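Presented below is the structure to which this report refers.
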Amino acid sequence: EALGRLRAFVCSGGRSAPNTIKKSLYIRRLLNQLVEAKNRRIERIVTLGEHNMSSSQALQRLLEDVCMFEWLLLGSFAPSTPLHLMHKLLLEESNKEKEFDVECFFSSASAAIDLMLSKTKALAAFGCAKA
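First residue of the sequence shown? That's 85 in our numbering, and the numbers climb one at a time after it.
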């Protein structure tokens, strides 16, 4: 839900989203609040599903893509962004030359949402089967 709100907020700006966000301190603050909420909620999901390493690794990779787009959009990281992820994204040469692309952001966020939804459904089914 939090990632969906972030996706909707950013994508509502269309191709002009980066310029709009860079020009408005108020919008940057709102976006940062959405990123913080997303990071807290995703940490809960990742913690719950740590027993399934393959889907957790795939989810981590998708979330890294989303975080990279947040970096391109804001030019900074949210305080809740894990330090190891900040270092990884800053060291990757390919990220230095990229520009924010709203369509790629939408696609990456959607893929992460779909995987988290599937993971949550699997956890719920597992819980029901045990009961």
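C-beta atoms are modelled at their ideal positions from N, C-alpha and C, and glycine is treated no differently.
Because the structure is a prediction, the values reported are computed rather than measured.
Sub-8 Å separation of residue i and residue j beta-carbons
| i | j | result |
| --- | --- | --- |
| Arg91 | Ala209 | no |
| Ala196 | Leu147 | yes |
| Leu115 | Leu199 | no |
| Ile111 | Leu158 | no |
| Trp155 | Leu173 | yes |
| Met170 | Phe161 | yes |
Between the CA atoms of residue j and residue i - distance to the nearest angstrom
| i | j | result |
| --- | --- | --- |
| Ala101 | Lys214 | 46 Å |
| Gly88 | Gln141 | 20 Å |
| Leu109 | Glu120 | 16 Å |
| Arg125 | Lys203 | 14 Å |
| Ala201 | Thr165 | The sequence shown places Leu at residue 201, rather than the Ala named in the question. Rounded to the nearest angstrom, the two C-alpha atoms are 21 Å apart. |
| Glu127 | Phe153 | 18 Å |
| Ser191 | Asp149 | 10 Å |
| Leu207 | Leu175 | 35 Å |
| Lys122 | Pro163 | 12 Å |
| Asn103 | Cys212 | 47 Å |
Nearest-angstrom beta carbon gap, residue j and residue i [assumed within contact, 8 Å]
| i | j | result |
| --- | --- | --- |
| Val186 | Arg99 | 6 Å |
Residue i beta carbon near the ligand MN (any heavy atom closer than 7 Å)
| i | result |
| --- | --- |
| Ser194 | Among the ligands in the structure shown, none appear at all, so the ligand MN cannot be discussed. |
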